[in-house]
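To convert, count from 1 in the sequence shown and add 257; that's UniProt numbering.
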Amino acid sequence: AAAEKGGYDWFMLKEIAEQPQAVADTLRGRLSEAGEIILDEVRLTDQDLRDVDKIFIVSCGTSYHAGLVAKYAIEHWTRIPCEVELASEFRYRDPVLDRSTLVVVISQSGETMDTLMALRHAREQKARVLAICNTNGSTIPRESDAVLYTHGGPEIAVASTKAFLTQITACYLVGLHLAQVRGIKFADEVGAIVAQLQAMPDAIAKVLTTMEPVRELARSLVDVNTILFIGRHVGYPVALEGALKLKELAYIHAEGFAAGELKHGPIAVIDEGTPVVCVVPSSKGRSLLHDKVVSNIQEVRARGARTIVIAEEGDEAVRPYADHLVEVPAAPTLLAPLLTTVPLQVFACEVAAARGLDVDQPRNLAKSVTVE
Ligand code: G6P
Numbered sequence: 258a259a260a261e262k263g264g265y266d267w268f269m270l271k272e273i274a275e276q277p278q279a280v281a282d283t284l285r286g287r288l289s290e291a292g293e294i295i296l297d298e299v300r301l302t303d304q305d306l307r308d309v310d311k312i313f314i315v316s317c318g319t320s321y322h323a324g325l326v327a328k329y330a331i332e333h334w335t336r337i338p339c340e341v342e343l344a345s346e347f348r349y350r351d352p353v354l355d356r357s358t359l360v361v362v363i364s365q366s367g368e369t370m371d372t373l374m375a376l377r378h379a380r381e382q383k384a385r386v387l388a389i390c391n392t393n394g395s396t397i398p399r400e401s402d403a404v405l406y407t408h409g410g411p412e413i414a415v416a417s418t419k420a421f422l423t424q425i426t427a428c429y430l431v432g433l434h435l436a437q438v439r440g441i442k443f444a445d446e447v448g449a450i451v452a453q454l455q456a457m458p459d460a461i462a463k464v465l466t467t468m469e470p471v472r473e474l475a476r477s478l479v480d481v482n483t484i485l486f487i488g489r490h491v492g493y494p495v496a497l498e499g500a501l502k503l504k505e506l507a508y509i510h511a512e513g514f515a516a517g518e519l520k521h522g523p524i525a526v527i528d529e530g531t532p533v534v535c536v537v538p539s540s541k542g543r544s545l546l547h548d549k550v551v552s553n554i555q556e557v558r559a560r561g562a563r564t565i566v567i568a569e570e571g572d573e574a575v576r577p578y579a580d581h582l583v584e585v586p587a588a589p590t591l592l593a594p595l596l597t598t599v600p601l602q603v604f605a606c607e608v609a610a611a612r613g614l615d616v617d618q619p620r621n622l623a624k625s626v627t628v629e
């Protein structure tokens, strides 16, 4: 078993370490030298894709969080309205679907029953279904109109890590492809984004070399009762994912919030010493977004929070308000989740291990849930 884990204590650690490769493999062969996106597994015609006037992303758990991240990029690039929905809710509320609706189902295993039932419902309503899946030949891609495989390799640990990063990557390829097919005039931008995407595996590898302080911090927090996570824009789903990882692995109460929503309620739970993980967007470009998050960090700190700040290297503005600062390499706003998620995975894994828990097989959870 030790050999299977490649020298790591847990499959989860091995899979966290495999993320640069997994993302590189998901990109491989899908980007031309000219910066065009090649998605040959997508069995939908260009005309089908031009007819799309509405996108739903439907999934569960970590795959749902990948969808939430993808929405920001897909709407920005394609200008097609995109909604993200939990598979277990989707069909029960009678969503508006027709031939020009593209339903993107995301599933690592390809066997999640909630997602499968949502997919069947979408197809009955004549929507086109594109699966983003990590498991060749599984049920969800077999029943879909088209599939784009994430080439992440097998994921064994119950808590999903590399699947999340590869799902975001695959969704981004779909978004860029849709934009291209539909002739959105941002050809320069596509080329630049493609180059930036290709630089992500190295940046993820760099994050992985700087995780020792995160582990140390995690070990100092084994006895806390609650940890909050806040973020804005794509940092919001990253916060949700960070909280989910901690719940799943460490059995600690954790919640993710949109930072701007704090003042409408959640800030009331902050007490002296409450750890709050703050996911900070790039300080370049969208500085308004950055400024807003910095003031949210100040707000929670003024209420006694102990702040754990995940920010871009060289972000001086956050430094005075960070009790613990975790720096990640600079990346464009939309691509930052591929980096900022990594310390949160390492953190949850280490808290769980320090609490003496089974990281790979958390209680009450299954890798693939094949009941509704
Ligand atoms: C289970 C797993 C989660 C996973 C979710 C969706 O609940 O424990 O880690 O995110 O299913 O799985 P899928 O295979 O559809 O991505």
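Glycine is no exception: its CB is placed at the ideal position from the N, C-alpha and C atoms.
As the structure is a prediction and not an experimental result, all values here were calculated from the model.
Could you compute how far the alpha carbon of residue i sits from the alpha carbon of residue j?
{"i": "Leu-545", "j": "Arg-489", "result": "11 angstroms"}
{"i": "Ala-593", "j": "Leu-354", "result": "32 angstroms"}
{"i": "Val-557", "j": "Pro-538", "result": "17 angstroms"}
{"i": "Glu-584", "j": "Leu-359", "result": "37 angstroms"}
{"i": "Val-309", "j": "Ser-357", "result": "5 angstroms"}
{"i": "Asp-303", "j": "Pro-532", "result": "48 angstroms"}
{"i": "Pro-338", "j": "Glu-446", "result": "20 angstroms"}
{"i": "Cys-428", "j": "Leu-301", "result": "15 angstroms"}
{"i": "Trp-267", "j": "Arg-377", "result": "36 angstroms"}
{"i": "Ile-363", "j": "Gln-276", "result": "18 angstroms"}
{"i": "Thr-319", "j": "Gln-602", "result": "12 angstroms"}
{"i": "Gly-409", "j": "Arg-285", "result": "11 angstroms"}
{"i": "Ala-579", "j": "Val-566", "result": "6 angstroms"}
{"i": "Val-438", "j": "Asp-617", "result": "41 angstroms"}
{"i": "Val-575", "j": "Leu-306", "result": "42 angstroms"}
{"i": "Ala-568", "j": "Val-536", "result": "7 angstroms"}
{"i": "Ile-389", "j": "Ile-484", "result": "31 angstroms"}
{"i": "Glu-498", "j": "Glu-607", "result": "16 angstroms"}
{"i": "Leu-614", "j": "Leu-506", "result": "8 angstroms"}
{"i": "residue 226", "j": "Glu-293", "result": "Residue coverage of the chain in this structure runs from 258 to 629, which leaves residue 226 outside it and unanswerable."}
{"i": "Gly-394", "j": "Pro-523", "result": "43 angstroms"}
{"i": "Gly-263", "j": "Lys-624", "result": "20 angstroms"}
{"i": "Ala-260", "j": "Val-415", "result": "19 angstroms"}
{"i": "Ile-397", "j": "Thr-426", "result": "19 angstroms"}
{"i": "Pro-577", "j": "Asp-548", "result": "14 angstroms"}
{"i": "Ala-344", "j": "Met-374", "result": "8 angstroms"}
{"i": "Asn-391", "j": "Lys-541", "result": "34 angstroms"}
{"i": "Asp-480", "j": "Arg-350", "result": "41 angstroms"}
{"i": "Arg-348", "j": "Thr-407", "result": "25 angstroms"}
{"i": "residue 644", "j": "Gly-571", "result": "Residue 644 is absent from the structure shown; the chain starts at 258 and stops at 629."}
{"i": "Ala-559", "j": "Pro-352", "result": "43 angstroms"}
Does at least one heavy atom of the ligand G6P sit under 7 angstroms from the Cβ of residue i?
{"i": "Ser-364", "result": "yes"}
{"i": "Asp-415", "result": "Contrary to the premise, residue 415 reads as Val rather than Asp in this sequence. Yes, Cβ of Val-415 sits closer than 7 angstroms to a heavy atom of the ligand G6P."}
{"i": "Lys-624", "result": "yes"}
{"i": "Cys-606", "result": "no"}
{"i": "Cys-428", "result": "no"}
{"i": "Ala-379", "result": "no"}
{"i": "Cys-317", "result": "yes"}
{"i": "Thr-358", "result": "no"}
{"i": "Ala-420", "result": "yes"}
{"i": "Thr-335", "result": "no"}
{"i": "Thr-372", "result": "yes"}
{"i": "Ser-320", "result": "yes"}
{"i": "Thr-590", "result": "no"}
{"i": "Thr-407", "result": "no"}
{"i": "Thr-369", "result": "yes"}
Name the DSSP bridge partner or partners of residue i?
{"i": "Pro-532", "result": "Arg-563"}
{"i": "Arg-294", "result": "Correcting the residue type first, residue 294 is Ile in the shown sequence and not Arg. In the DSSP output, where bridge partners are listed per residue, Ile-294 has Leu-288."}
{"i": "Cys-339", "result": "Ile-312"}
{"i": "Ser-364", "result": "Cys-390"}
{"i": "Gly-513", "result": "Phe-486"}
{"i": "Glu-569", "result": "Val-585"}
{"i": "Thr-423", "result": "BP columns for Thr-423 are empty, so no partner."}
{"i": "Leu-359", "result": "Ile-312 and Arg-385"}
Just confirm the distance between the C-beta atoms of residue i and residue j, as a whole number of angstroms; I'd bet it's less than 8 angstroms.
{"i": "Leu-519", "j": "Asn-482", "result": "The Cβ separation is near 19 angstroms, so there is no contact."}
{"i": "Leu-622", "j": "Ile-461", "result": "That belief does not hold up - the Cβ atoms of Leu-622 and Ile-461 are roughly 25 angstroms apart, past 8 angstroms."}
{"i": "residue 654", "j": "Leu-387", "result": "This structure does not reach residue 654, given that the chain is present from 258 up to 629, and the question cannot be answered."}
{"i": "Ala-500", "j": "Ala-611", "result": "Not quite, the Cβ-Cβ distance comes to about 18 angstroms (not below 8 angstroms), so this is no contact."}
{"i": "residue 640", "j": "Thr-335", "result": "This structure gives no information on residue 640, because the portion of the chain shown stretches from 258 to 629."}
{"i": "Leu-591", "j": "Val-464", "result": "So it is not a contact: roughly 17 angstroms between Cβ atoms."}
{"i": "Pro-458", "j": "Ala-281", "result": "4 angstroms"}
{"i": "Leu-288", "j": "Val-404", "result": "About 18 angstroms separates the two Cβ atoms, so there is no contact after all."}
{"i": "Val-326", "j": "Pro-586", "result": "Contact flag wrong, Cβ pair sits at about 18 angstroms."}
Check the Cβ-Cβ distances between residue i and every residue of chain C, and say whether any is below 8 angstroms.
{"i": "Ala-291", "result": "Given the protein chain composition of this structure (a single chain), no chain C is represented."}
| field | In chain order, each alpha helix (DSSP H) run of at least 4 residues that lies wholly inside the region 457-484 | value | 469-477
| said: To test your reading of the DSSP string, which unbroken alpha helix (DSSP H) runs of 4 or more residues are found completely within the region 373-411? | reply: 396-400
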